[in-house]
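Its first residue numbered 1, the sequence shown is counted upward by one per residue in the UniProt record's numbering.
Every residue gets a Cβ at the ideal spot worked out from N, C-alpha and C, and that includes glycine.
Owing to the predicted nature of the structure, the values given are computational and were not obtained by experimental measurement.
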Amino acid sequence: MKRLTVGFIFIIVLSACNSRQTIESDELVLPKEGQTGIYYFRTPVHCESCDAIEQIIQSELNGKYAEQVESGGLVFRQFNLDDPGVADFARKFDVVFKSLLILKDGQTVNMTEEAFLYALPNPEKFKQLLEENLDTR
Numbered sequence: 001m002k003r004l005t006v007g008f009i010f011i012i013v014l015s016a017c018n019s020r021q022t023i024e025s026d027e028l029v030l031p032k033e034g035q036t037g038i039y040y041f042r043t044p045v046h047c048e049s050c051d052a053i054e055q056i057i058q059s060e061l062n063g064k065y066a067e068q069v070e071s072g073g074l075v076f077r078q079f080n081l082d083d084p085g086v087a088d089f090a091r092k093f094d095v096v097f098k099s100l101l102i103l104k105d106g107q108t109v110n111m112t113e114e115a116f117l118y119a120l121p122n123p124e125k126f127k128q129l130l131e132e133n134l135d136t137r
C-alpha cells in the first residue's frame with residue numbers, strides 16, 4: 001500500500017510539472033487578408049511598462065475599436081516568449097525580446113520602441129501613435 005501511495009504521488013508531481021500551457025496552432029498565424037493584428041510578445045515577468053502597454057491596448061480595443069474587434073477585423077494576441085511553441089513563430093518577425101507589432105496586409109510595423117518609451121510617462125502619446133498605426137494601415 002505504501003508503494004502504491006508513493007507511486008501515485010510521484011505521478012501527480014510529474015504531471016503537475018508538465019502542465020505547461022501550450023499554444024494553439026491557430027493562434028500562431030498571420031492575420032487574414034483585410035484583418036489587422038496587434039501581436040504582443042512578452043515574458044511571464046511583467047514590468048510596469050508591460051502592464052501599461054497592455055492596459056492601453058485593451059482600453060482602445062474595448063473603446064474606439066470595439067466594433068472592429070467584434071467583427072474580427074482587428075485581433076489582439078499575446079505570446080509568451082518562454083513558450084517553446086512560440087520561438088519559431090517569433091523568429092519570423094526577428095523578435096527575441098518583448099515586442100509590440102502591428103500586422104496588416106503583409107506589412108509589419110514594430111511599435112516596441114514607442115510603446116516602452118511612452119506607455120508609462122506619456123500614455124496619451126502612446127495611444128495617439130497606436131491609433132495612427134491602426135487607422136492608417
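inquiry  = Quick check on Ser71: buried or exposed, where buried means 16 or more other Cβ atoms within 10 Å of its Cβ?
reply    = Label assigned to Ser71: exposed.
message = Leu134 and Glu67 - do their beta-carbons sit closer together than 9 Å?
response = no
ask   = Pick from Tyr118, Asp83, Gln35: whose alpha carbon is nearest that of Pro44?
value = Asp83
ask   = Mapping DSSP to helix, strand and coil, what is Phe85?
value = Contrary to the premise, residue 85 reads as Gly rather than Phe in this sequence. Gly85 falls in the helix class under three-state DSSP.
key: Ile56 and Leu130 closer than 9 Å at C-beta   = Taking 9 Å as the Cβ cut-off, Ile56 and Leu130 qualify as a contacting pair.
ask   = Could you give the uninterrupted runs of the beta strand (DSSP E) lying entirely in the region 50 to 114, keeping only those of 3 residues or more?
value = 74 to 80, 99 to 104, 107 to 110
query = For Thr112, which option in Ile102, Gly106, Pro121 has the closest C-alpha, if you only look at C-alpha atoms?
reply = Ile102
ask   = Going by DSSP, which residues form a beta bridge with Tyr118?
value = DSSP links Tyr118 through a beta bridge to no other residue.
query = How many whole angstroms separate the CB atoms of Cys50 and Lys104, which I take to be in contact at a CB cut-off of 8 Å?
reply = That pair is no contact at about 23 Å.
message = Is the separation between the beta-carbon of Phe76 and that of Val86 shorter than 9 Å?
response = Their beta carbons are not under 9 Å apart, which means Phe76 does not touch Val86 by this criterion.
Three-way DSSP call (helix, strand, coil) for Thr136 in this model = helix
message = I'd like to check one pair, Phe126 with Ile38: are the Cβ atoms closer than 9 Å?
response = no
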